[in-house]
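Residue numbers (this note's numbering): 81 to 209.
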């Protein structure tokens with residue numbers, strides 16, 4: 081909640097999918113579903129593979145300079161978590177009409193102090209009956 085404007089995010093879900101049938105503990109998959117404001121008729125879906133790498137080990141930074149820089153600057157022995165995959169949009173109710181958007185990658189950063197950032201979301205539009 082943005083305290084100044086009283087705006088909220090539209091919501092969404094995060095789900096970590098682990099293949100429990102694999103005794104080796106294969107790769108985990110992350111599915112993030114975010115409601116697209118203001119009409120909330122579409123869902124942005126990001127699905128990807130999660131990788132945990134201990135710094136100092138060889139890791140695939142996918143040629144992304146900022147990821148390579150963070151990997152080099154990470155403390156020795158610190159775990160770095162990456163997720164990369166595909167992004168698509170779909171209808172909120174039916175889950176149909178999928179439209180491929182592209183790819184994404186993200187990494188887990190240290191949690192910043194609450195006063196160091198501001199997140200703003202447009203005020204929601206509500207459909208009146």
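The beta carbon of each residue, even a glycine, is placed where N, CA and C say it ideally should be.
Distance from the CA of residue 178 to the CA of residue 125, rounded to the nearest whole angstrom, comes to 10 Å. In this structure, the beta-carbon distance from residue 128 to residue 114 does not fall below 9 Å. With fewer than 16 other Cβ atoms from the protein chains shown falling within 10 Å of its own Cβ, residue 199 counts as exposed. Taking a contact as a CB-CB distance under 8 Å, the pair residue 176 and residue 170 counts as one, their CB atoms being some 7 Å apart. Using a 10 angstroms sphere on the CB of residue 123, the tally of other CB atoms reaches 16 or more, which defines it as buried. If you draw a straight line from the Cα of residue 162 to the Cα of residue 149, it comes to about 14 Å. Pairing residue 181 with residue 168 gives a Cβ-Cβ distance under 9 Å.
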